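Be aware that the sequence shown starts at 114, since it is given in this note's numbering, and climbs by one per residue. These notes concern the structure reproduced below.
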Amino acid sequence: MTGDPTRPLHAPRAAAAGGPGLFITFEGGDGAGKTTQASLLEDWVRTRGRNVVRTREPGGTELGLRIREIVLHHRGHIDPRAEALLYAADRAHHIATSVRPAVARGDVVIQDRYLDSSVAYQGAGRVLDANDVRALSLWATDGLLPDLTVLLDLDPAAARRRLDAADKPFDRLEAEKEEFHARVREGFLSLAADEPGRFLVLDARAAPEELAARVRNAVAERLG
Ligand code: TYD
114 MTGDPTRPLH
124 APRAAAAGGP
134 GLFITFEGGD
144 GAGKTTQASL
154 LEDWVRTRGR
164 NVVRTREPGG
174 TELGLRIREI
184 VLHHRGHIDP
194 RAEALLYAAD
204 RAHHIATSVR
214 PAVARGDVVI
224 QDRYLDSSVA
234 YQGAGRVLDA
244 NDVRALSLWA
254 TDGLLPDLTV
264 LLDLDPAAAR
274 RRLDAADKPF
284 DRLEAEKEEF
294 HARVREGFLS
304 LAADEPGRFL
314 VLDARAAPEE
324 LAARVRNAVA
334 ERLG
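Here you go:
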């Protein structure tokens, strides 16, 4: 690890992407509509003449796809700390090889899920210490925070109805019980309350086009 060895693990250096580009993440529970909103934003940013890199975690790189397969489809138990480390390994490689270079080139990176998902799912959901999980991700990414994080907030019962209607097999996390997803939701909301300048919290029950307009406003302010 580089940097000041006296810096406490619980307060790692963190900075918004900072480069000429923009790093935007979408967060929320499964079924909240992140992918739909990320796609609508991608189309709009392109109309503004900006280069877009659309990506996701886990699985934004070739290495990450192999990690994604493990975390989402491994049969049987994965120890929560091992799960947190797998997501962090995916993130470290993805940020270093794809996201940081894109932001440095001036691109707009639009990403499904980032470190807030780890704090919400592995921290609040699996009941690991939230500060540890955040510190692990910040170490993995050398302190990269998004310029904007859109949190699509939805209660777990409504999210479950959407997932049931989609009629796809559940992955390891989706298959967790409602209490788990309720903790994840609270975890996201508490992260947003801690960093109101970075987060835009939206009620995911609103119509997709209405949500997209709110997201566009927030991005327009940052695009300059
Ligand atoms: P996602 O790609 O959103 O699933 P889908 O393909 O169904 O849209 O996310 C995969 C799952 O991984 C999701 O349930 C949340 C979970 N997850 C974590 O638990 N921790 C993390 O750090 C990340 C990025 C995702």
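Heads up, the beta-carbon is just placed ideally off N, CA and C, and yes, glycines get one too. Note that the structure is a prediction, hence the values are computed from the model and not measured.
Which listed residue (the options) has its alpha carbon closest to that of residue i
i      : options                           : result
Glu323 : Lys281, Leu265 and Gly141         : Leu265
Val94  : Gly146, Asp225, Phe293 and Leu251 : Within the shown structure, residues of the chain are numbered from 114 to 337, placing residue 94 beyond reach of any answer.
Arg285 : Gly238, Ala305 and Glu155         : Gly238
Ala201 : Ala278, Val314 and Ala248         : Ala248
Ser230 : Ser303, Ala326 and Gly310         : Ser303
Pro214 : Ala331, Ala145, Ala288 and Leu257 : Leu257
Three-state class that DSSP yields for residue i in the structure shown
i      : result
Asp277 : helix
Asp255 : coil
Ile137 : strand
Asp156 : helix
Arg169 : strand
Phe312 : strand
Ala320 : coil
Val232 : helix
Asp117 : In this predicted model, Asp117 has a pLDDT of only 45, less than 50, meaning its place in the structure is not dependable; the value taken from the coordinates is given anyway. Asp117: coil per DSSP, three-state reduction.
Val240 : coil
His123 : Per-residue confidence for His123 stands at a pLDDT of 41, beneath the threshold of 50, marking its modelled position as unreliable; the derived number appears in the next sentence. If DSSP states are grouped into helix, strand and coil, His123 belongs with coil.
Asp266 : strand
Asp203 : helix
Leu286 : coil
Asp307 : helix
Residue i, buried or exposed, once every other Cβ within 10 Å from all chains shown has been counted against 16
i      : result
Asp316 : exposed
Pro282 : exposed
Val158 : buried
Glu196 : buried
Leu178 : exposed
Asp203 : buried
Thr160 : exposed
Ala279 : exposed
Gly172 : buried
Expected contact under 8 Å - CB spacing of residue i and residue j to nearest Å
i      : j      : result
Leu199 : Ile183 : 6 Å
Leu153 : Pro259 : Not quite, the Cβ-Cβ distance comes to about 18 Å (not below 8 Å), so this is no contact.
Glu170 : His206 : So it is not a contact: roughly 10 Å between Cβ atoms.
Thr148 : Asp255 : Not a contact, Cβ separation roughly 27 Å.
Cβ-Cβ distance between residue i and residue j below 7 Å
i      : j      : result
Leu135 : Arg335 : yes
Gly132 : Ala217 : yes
Val212 : Val222 : yes
Val297 : Gly141 : no
Val328 : Val246 : no
Val165 : Glu155 : yes
Phe301 : Ala233 : yes
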